[in-house]
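*Asks:* Take a look at this one; I'll ask things after.
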Amino acid sequence: MSFQSFAAARNAVLLSGVLGASGAIATLYNPPPPSYYPYNTTNIPYTNLTVSLAAPDPPKALPQKATAGDLKWQPVMDFDKDGCYNVPAIDANSKIVQGLEHNWVSASQDCRDLSDLENNNVYSRARCNSGWCVYLYDYYFEKDVALPNFWDPGHTHDWEHIAVWVKDDAVQYVGASQHGEYEIRKASDVRFEGQRPKMVYHKDGASTHCFRFANAADDAIENHTGKWFRGDLVSYNGFPGNTRSKLEAHDFGKASFALKDSSYQGQLDRAKPGEVNFDTGRDEGSPGNP
């Protein structure tokens with residue numbers, strides 16, 4: 001007998017012994033008849049068994065309603081391709097944005113479309129005293145992904161902020177929110193389009209997203225409009241009806257709407273340059289009515 005014939009015979013004997021010792025093993029290979037199933041699975045296309053969960057659309061943007069000062073200093077934006085566009089957080093019927101899942105998705109999935117720029121809001125609040133005015137601009141993003149396509153330490157909902165400090169009708173400083181704190185630069189170290197600071201929303205290395213100051217290379221625009229972008233602005237007193245109070249009361253988890261009274265002064269404290277003589281808790285003729 002050849003070695004091959006011997007091996008085949010040996011395997012046949014071993015297999016028959018195993019199957020004889022445990023009939024349960026054999027039944028694993030004996031599926032129930034079609035009548036066992038409560039419905040007929042024959043010839044059902046695979047695609048019909050797949051559930052597709054469409055991402056929710058952002059709310060419809062509020063109409064622009066902003067003071068002249070808030071509009072004058074509003075930053076112009078670009079967005080690196082590894083992140084979302086900002087979108088409206090609330091509509092005129094007080095419908096709050098749902099946000100997007102951040103686990104097992106890319107950093108820009110379902111949140112970086114031209115339609116997001118065509119339906120867009122930015123929110124602002126000014127505070128003036130001691131010869132200074134600070135304009136705080138608030139941007140909402142539907143998710144903030146740190147580890148794309150994995151269990152993610154990021155979060156649904158992201159609010160980011162830009163503070164523009166003005167004296168003698170000129171920008172003196174700009175602050176960009178970065179993970180709860182601010183990077184603050186003198187105007188001489190900031191790039192501008194006219195009087196508007198150029199800012200970029202980007203992914204900060206292995207961390208989550210934040211704002212950064214634009215550099216010369218950022219004039220190669222990455223957003224869908226092909227130009228520096230400004231969303232429709234809504235000032236603190238420009239919200240229709242009770243939409244602002246609804247927005248202020250909503251829980252955005254790890255993120256926070258910075259313009260509400262309970263957050264605003266703390267944001268200004270963190271965004272204030274040390275050499276600026278300014279009371280972050282006092283208004284003189286601000287925030288104004290659009």
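101 is the number that UniProt numbering gives to position 101 of the sequence shown; each next residue is one higher, with no gaps. Glycine residues also receive a C-beta, built at the ideal position from the N, C-alpha and C atoms.
Assuming N86 and F141 form a contact by the criterion Cβ under 8 angstroms, report the distance between their Cβ atoms to the nearest whole angstrom.
*Replies:* 5 angstroms
*Asks:* Looking at the unbroken alpha helix (DSSP H) that takes in G266, where does it start and where does it end?
*Replies:* 261–271
*Asks:* So, is K81 buried or exposed, given that buried needs 16 or more other C-beta atoms within 10 angstroms?
*Replies:* exposed
*Asks:* Does the beta-carbon of T208 have 16 or more other beta-carbons within 10 angstroms, so that it is buried, or is it exposed?
*Replies:* With 16 or more Cβ atoms within 10 Å of its Cβ, T208 is classed as buried.
*Asks:* Can you tell which of I90, R112, S177, E101 has its C-alpha closest to the C-alpha of K272?
*Replies:* Minimum Cα distance to K272 is reached at S177.
*Asks:* Tell me the start and end of each unbroken alpha helix (DSSP H) in the stretch 103–177 that is at least 4 residues and wholly inside, in chain order.
*Replies:* 114–118
*Asks:* Going by DSSP in three states, R230 sits in which element: helix, strand or coil?
*Replies:* coil
*Asks:* Using a threshold of 9 angstroms, state whether the C-beta atoms of V234 and A66 are closer than that.
*Replies:* yes
*Asks:* Any idea what DSSP makes of R212, helix, strand or coil?
*Replies:* R212: strand per DSSP, three-state reduction.
*Asks:* Taking the alpha carbon of N215 as the point to measure from, which residue in A61, D78, P63 has its own alpha carbon closest?
*Replies:* Taking only the C-alpha atoms, the option nearest N215 is D78.
*Asks:* For K203, which residues does DSSP report across the bridge?
*Replies:* H209
*Asks:* Classify N223: buried if its beta carbon has 16 or more other beta carbons within 10 angstroms, exposed otherwise.
*Replies:* Label assigned to N223: buried.
*Asks:* So the beta strand (DSSP E) R185 belongs to, where does it begin and stop?
*Replies:* 181–186
*Asks:* Report, in whole angstroms, the separation of the C-beta atoms of S286 and C128, which I expect to be a contact under 8 angstroms.
*Replies:* The C-beta distance from S286 to C128 rounds to 4 angstroms, short enough to fall under 8 angstroms.
*Asks:* When you compare each of S108, D168, N120, V134 to D144 by their alpha carbons, which one comes out closest?
*Replies:* S108
*Asks:* Residues in the same chain with beta-carbon distance under 6 angstroms from A255, minus the five sequence neighbours each way, listed in chain order, please.
*Replies:* H157, D158, W159
*Asks:* Tell me which residue opens and which closes the alpha helix (DSSP H) that D70 is part of.
*Replies:* Looking at the DSSP string, the run of the alpha helix (DSSP H) that includes D70 is 68–72.
*Asks:* Which whole-angstrom value is the C-beta distance of G231 and N121, which I expect to be below 8 angstroms?
*Replies:* 6 angstroms
*Asks:* Which word fits L282, buried or exposed, when buried means at least 16 other C-beta atoms lie within 10 angstroms of its C-beta?
*Replies:* In the sequence as presented, Leu is not what sits at residue 282; that position holds Arg. By the 10 Å Cβ count, R282 comes out exposed.
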